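Let me begin by presenting the structure, written as structure tokens, before commenting on it.
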Ligand code: ADP
Ligand code: MG
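Residue numbers (full-length UniProt numbering): 277 to 563.
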């Protein structure tokens, strides 16, 4: 395409809320055959809410919220909100640790407590009943976090995040254009699959640690795929830079926005469809 055609293409997309860094990015979009999506905040709204508490709710919330107070994770905000609604009093935790992609751990009233995924359950006691409940909740597309203290799981918190209203439509459009769609998430396989089914995503890669997201993109590229990655979080930055085209949500963290070649101002996946249409128009015309 001529420099003018490129400028027209990027200007036109900007008007539609699709900010494309430069002409090369616009060209690369035309070669994409696989679109990989982060789940939380990208496919979903990213504002999970507590739906169920297993165990003694006051105790479960007191421990979990006292720990999550120091975390910035969306699950932490949801737990803090619930504790506030239920007027649970918190204590200041000590020696707080954020365990990236797993949860949080700290001392609560002198004992080691944690809130997080099943990756934190090595040498922790959990009753058969809790395990069964966790499984049931995950099958309802709910993210389950385990709350434990002194090497024992004392409760579960189930949280639900819903897909953005436009996600399904955007995925349908992408599939119509022959693209493969993939979800890449740190969340549990069952939860991820349930949300993927809701929006029509072809393939799910779940239980991925934050530092492994870029590796998963590389694997697809090694199979000859031309990959766009769409994400919003701090931990999405390496995947955004590794992908052939990185697409960041405008609502995302600064580092995600800086790592993307495209930024979607409206935070909705229809922006990916728009980017493809404009790239196609710009580059197919000149052939
Ligand atoms: P995602 O890919 O959905 O953004 P993350 O990699 O941030 O997920 O987290 C993966 C999993 O680790 C979560 O589903 C949750 O089980 C657990 N986790 C991470 N941070 C926290 C936290 N602050 N509180 C509780 N659980 C957490
Ligand atoms: Mg996210």
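Ideal Cβ positions, reconstructed from N, Cα and C, are used throughout, including at glycine.
Bear in mind the structure is a predicted one, so any value in this text is a computation, not a measurement.
Those runs of the beta strand (DSSP E) which lie wholly inside the region 372 to 417 and span at least 3 residues = Qualifying beta strand (DSSP E) stretches, in chain order: 379 to 384 and 387 to 392.
Simplified DSSP assignment, three categories, for residue 325 = Residue state for residue 325 is assigned as strand, using DSSP reduced to three classes.
Quick one: what's got a C-beta closer than 6 Å to residue 527's C-beta in the same chain, skipping five residues either side?
-> Excluding five sequence positions before and after residue 527, the CB atoms of its chain that fall closer than 6 Å to its own CB belong to 543, given in chain order.
Return the first residue and the last residue of the beta strand (DSSP E) that residue 570 is part of.
-> Here the chain covers residues 277 to 563 and nothing more, so residue 570 does not appear.
So residue 433 and residue 329 are in contact, right, with Cβ under 8 Å, and what is the actual spacing, rounded?
-> At roughly 6 Å, the Cβ-Cβ gap stays under 8 Å, so residue 433 and residue 329 are in contact.
Nearest residue (CA-CA) to residue 221, options 530, 524 and 558 = Only positions 277 to 563 of the chain appear in the structure, and residue 221 is not among them; the question remains open.
On the premise that residue 311 lies in contact with residue 435, defined as a C-beta separation below 8 Å, what is that separation, rounded to the nearest angstrom?
-> Contact doesn't hold; Cβ gap of about 26 Å is too wide.
Selection from 281, 386 and 309 that minimises the alpha carbon distance to residue 342 = For the residues 281, 386 and 309, the minimum Cα distance to residue 342 belongs to 386.
Does the separation of the CB atoms of residue 490 and residue 515 fall below 9 Å?
-> In this structure, residue 515 lies closer than 9 Å to residue 490 by Cβ.
Could you tell me whether the region 490 to 508 touches the region 282 to 296, using the rule of 3 or more Cβ pairs below 8 Å?
-> The region 490 to 508, when compared against the region 282 to 296, does not touch it at the 8 Å Cβ threshold.
Integer Cβ distance of residue 595 from residue 380, believed to fall under 8 Å | Limits of the chain in this structure are 277 at one end and 563 at the other, which puts residue 595 out of reach.
Whose C-alpha, out of 323, 446, 437 and 338, is nearest the C-alpha of residue 546?
-> For the residues 323, 446, 437 and 338, the minimum Cα distance to residue 546 belongs to 446.
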